[in-house]
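What the sequence shown shows, in this note's numbering, is residues 351 to 953, in sequence order. Beta carbons: idealized from backbone N, C-alpha and C, even for Gly. Below you'll find the structure, written out as structure tokens, and then a few comments.
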Amino acid sequence: MKKKERKALTRPLNASIPDFRIRRKELKYLADPLALANYVKKMLRKDRDVQMLNLVRMASREGQRIVSWNHLIDWALQKGRLAHALKMYNEMKKRAQFPDAYTYAILLNGMTNCAHASGVLEKALSVYHSMFADNSRVQPSIIHTNAMLKLCARMNNMDALWGVAAKIPDKGPATANAITYTIILNAIRQSLLVGVPPMESDEQRDLRRDRGVVEGRRVWEEVVSKWRDAQLVIAEELVCAMGRLLLVGARPRDWDDVLSLVEQTMDIPRFVPRLGSVERREAGLPHLRAPNVSDQFRYDDSHLSPSKNSRRGDEFLPVLPQGVEGVIPSTLTYAKPSNNTLSLVLEACQKIVAKDAADRYWNLLTDPSTYAITPDLNNLNFRLRLLRQNRASTEAVKLLKEYFVDKKKSSELGLEMRPGTLRIAMSTCVRDKNNHRSLWNAGEILAIMMDTLEDADAKTVTRYADLAVAFPLAKGGDLVEALARLEPVVRNLRMQLGVGASDMEPWAKGHKIRSAEGAVILEGEQREAVIEALRRVYAVHDKLINSNLVSEREKEPFKRRKARLSAFLHRLGFKERVKSLPPGMKWDRMKGRLEMEEELEET
Numbered sequence: 351m352k353k354k355e356r357k358a359l360t361r362p363l364n365a366s367i368p369d370f371r372i373r374r375k376e377l378k379y380l381a382d383p384l385a386l387a388n389y390v391k392k393m394l395r396k397d398r399d400v401q402m403l404n405l406v407r408m409a410s411r412e413g414q415r416i417v418s419w420n421h422l423i424d425w426a427l428q429k430g431r432l433a434h435a436l437k438m439y440n441e442m443k444k445r446a447q448f449p450d451a452y453t454y455a456i457l458l459n460g461m462t463n464c465a466h467a468s469g470v471l472e473k474a475l476s477v478y479h480s481m482f483a484d485n486s487r488v489q490p491s492i493i494h495t496n497a498m499l500k501l502c503a504r505m506n507n508m509d510a511l512w513g514v515a516a517k518i519p520d521k522g523p524a525t526a527n528a529i530t531y532t533i534i535l536n537a538i539r540q541s542l543l544v545g546v547p548p549m550e551s552d553e554q555r556d557l558r559r560d561r562g563v564v565e566g567r568r569v570w571e572e573v574v575s576k577w578r579d580a581q582l583v584i585a586e587e588l589v590c591a592m593g594r595l596l597l598v599g600a601r602p603r604d605w606d607d608v609l610s611l612v613e614q615t616m617d618i619p620r621f622v623p624r625l626g627s628v629e630r631r632e633a634g635l636p637h638l639r640a641p642n643v644s645d646q647f648r649y650d651d652s653h654l655s656p657s658k659n660s661r662r663g664d665e666f667l668p669v670l671p672q673g674v675e676g677v678i679p680s681t682l683t684y685a686k687p688s689n690n691t692l693s694l695v696l697e698a699c700q701k702i703v704a705k706d707a708a709d710r711y712w713n714l715l716t717d718p719s720t721y722a723i724t725p726d727l728n729n730l731n732f733r734l735r736l737l738r739q740n741r742a743s744t745e746a747v748k749l750l751k752e753y754f755v756d757k758k759k760s761s762e763l764g765l766e767m768r769p770g771t772l773r774i775a776m777s778t779c780v781r782d783k784n785n786h787r788s789l790w791n792a793g794e795i796l797a798i799m800m801d802t803l804e805d806a807d808a809k810t811v812t813r814y815a816d817l818a819v820a821f822p823l824a825k826g827g828d829l830v831e832a833l834a835r836l837e838p839v840v841r842n843l844r845m846q847l848g849v850g851a852s853d854m855e856p857w858a859k860g861h862k863i864r865s866a867e868g869a870v871i872l873e874g875e876q877r878e879a880v881i882e883a884l885r886r887v888y889a890v891h892d893k894l895i896n897s898n899l900v901s902e903r904e905k906e907p908f909k910r911r912k913a914r915l916s917a918f919l920h921r922l923g924f925k926e927r928v929k930s931l932p933p934g935m936k937w938d939r940m941k942g943r944l945e946m947e948e949e950l951e952e953t
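Dropping the structure here:
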């Protein structure tokens, strides 16, 4: 007859007798629950999870050891072992170890990090709803609700999110805070951008986004109501979450309301009148040009707000303080702007084409005497996009020189030049090609690239060469100077392609190789981009040589450079074609044609 298996009440089945004796000796010195919890946490850092689980099982016979169980569950979730964590959670309840508020918080937050696991949302909802049971020892707090909302947002399940949000009470310790509303607004925005229905038309997309923005506006009305009653503290993260949801909207009114939102929550005045306002009409500002906006949303100044009692956008009007019985005014606590707000405002100004307002916002927020925001790389990129929109190539060069050329200042600010920043700046010059200084400004950007980047960026060089070819005001001296600036760039690009014997070595194949001068040998799409840049440089030589802008004698050195570049591109193309030959084929140098490898061996 088969012997009945013994339950893990005395010695766990997976614990050997020596290990059991060691754990029992350890418990003599770990009678205090706090000492046990600290010891378990220390040993888990050494990945001794099995031993600590057996230790906590044995210690649970003497009393409540909830903190130790919490450490075990937290460790399993950090390792991505969701099933093991839930198993320990159920085991601790069977051992009369009652989960506390920290246990549920650890579980729900850990499940958010394990959102990729199968069925994690259903398991999390089961744990969360168990806290509402009549026999539950722990009532859910806003910390648990926020963790549950975060998981619903991570899974992009808006139905589950609104179901959890519907249970949030209006008063008490479990009422919504700024983090709650931030999660909800970010979830709405994510649902509009992720999981787009297939074969969706532009009109359907705009209507779907408009419905999402209306939901966000309803949420914001609740936020403002609580803020006015001093039940909520406005944080910058919450403001930016609402602002970025508005920027996703399909209406110009949504983009314009971002500036009203910043004025409402941060007490930063608007520097451009609202769309559709009398002040805007009196200022003589034209209607907003929005070529990519649907006709149904292009002029929407008369649309109602979500509550349908006033014009859309009134939910972002400045909040008037309310005092006790209207006698003693109360002061509102405004959010403090930082880099996130600066990027938000610049993006809104770009969408509504408000360069002057963007300049004033930039000067106000970065002024050391006001908000003293130190621009980061993201802020500078948005600033450059605004300058590109307004064809301000000279200002773009000044911005790069101010923040990147001075090595000491850039290191103090923590700024490091990226190729994307240079591409935005160079495309500003391309857009400003009718300016007689645009080619010179582009040359300055090219020089900044060579000073700040270890390797020349191929796409930046391509834009510069395209500008030199298409520059309508080009003179002979302009093209000569452009080719002079491109000469060291071409050497760097050729080095990245592995000119010489380095790319022919067997150990070099399939790897990025750093040459003696620091250039990186590229492969794949990056390699194709460099080859395309060299072709565009070749076109600049063509334009100068085939024009009458310089004398024939002055063309001679450029003809020689063109010939060298042409020969290099020809060799490069030949090597690429040889590498792509089908198996069994090989190039016969003696005959100058393709041959089968067997025929070559016979020869």
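Secondary structure within the segment 404-473: not one fully enclosed beta strand (DSSP E) run of 3 or more consecutive residues is present. Close CB contacts of residue 893 within its chain, under the 7 Å cut and outside five residues either way in sequence, are with 819, 829 (chain order). Going by C-alpha positions, residue 760 is about 41 Å away from residue 920.
Taking C-alpha positions only, residue 715 is separated from residue 686 by approximately 11 Å. For the 8 Å CB-CB criterion, residue 476 and residue 524 do not form a contact. Apart from the 5 residues on each side of it in sequence, residue 684 sits with its Cβ closer than 8 Å to the Cβ of 584, 615, 616, 617 in its chain, given in chain order. Looking from the CA of residue 589, the closest CA among 508, 691, 606 belongs to 691. In the displayed model, residue 475 falls within a helix according to three-state DSSP. The alpha-carbon of residue 630 is positioned some 25 Å away from that of residue 742.
In the three-state scheme derived from DSSP, where H, G and I count as helix and E and B as strand, residue 897 is classed as coil. Around the Cβ of residue 575, a 10 Å sphere holds fewer than 16 other Cβ atoms; the residue is exposed. Residue state for residue 591 is assigned as helix, using DSSP reduced to three classes. With contact defined as three or more Cβ pairs closer than 8 Å, the segment 513-533 and the segment 541-549 are not in contact. Note on residue 734: 16 or more other CB atoms within 10 angstroms of its CB, so buried under the neighbour-count rule. Contact annotation: the segment 721-734 touches the segment 766-783, with at least three C-beta pairs closer than 8 Å. Here DSSP, grouped into helix, strand and coil, assigns residue 626 to coil.
Taking C-alpha positions only, residue 899 is separated from residue 905 by approximately 10 Å. Secondary structure note for residue 700: its alpha helix (DSSP H) is the uninterrupted segment 689-701. In this structure, the alpha-carbon of residue 573 lies about 31 Å from that of residue 484. For residue 518, there is no enclosing alpha helix (DSSP H), as DSSP marks it with neither H nor E. Contact annotation, residue 456 with residue 423: C-beta distance approximately 6 Å; criterion of less than 8 Å satisfied. Within the segment 543-601, there are no complete beta strand (DSSP E) runs of at least 3 residues.
Between residue 872 and residue 847, the C-beta spacing is below 8 Å. By alpha-carbon distance to residue 487, the top candidate from 750, 450, 722, 420 is 450. Distances from the CA of residue 739 to each of 762, 473, 756, 696 were compared; the closest alpha carbon is that of 696.
Note on geometry: alpha-carbon atoms of residue 791 and residue 779 lie some 7 Å from one another.
Secondary structure of residue 729 (DSSP, three-state): helix. Sequence-distant partners of residue 825 (beyond 5 residues in either direction) whose C-beta falls short of 7 Å from its own C-beta, in its chain, are 899. Pairing residue 427 with residue 566, the inter-Cα distance amounts to about 33 Å. Residue environment: residue 443 is assigned as exposed (fewer than 16 neighbouring CB atoms within 10 Å of its CB, all protein chains considered).
With a 10 Å radius around the Cβ and a threshold of 16 neighbouring Cβ atoms, residue 916 comes out exposed. Spanning the alpha carbons of residue 748 and residue 816 requires a straight line of approximately 22 Å. Using a Cβ distance threshold of 8 Å, residue 570 and residue 701 do not count as a contacting pair.
The alpha-carbon separation between residue 592 and residue 536 amounts to approximately 8 Å. Secondary structure of residue 791 (DSSP, three-state): helix.
When secondary structure is reduced to three states using DSSP, residue 744 falls in the helix class.
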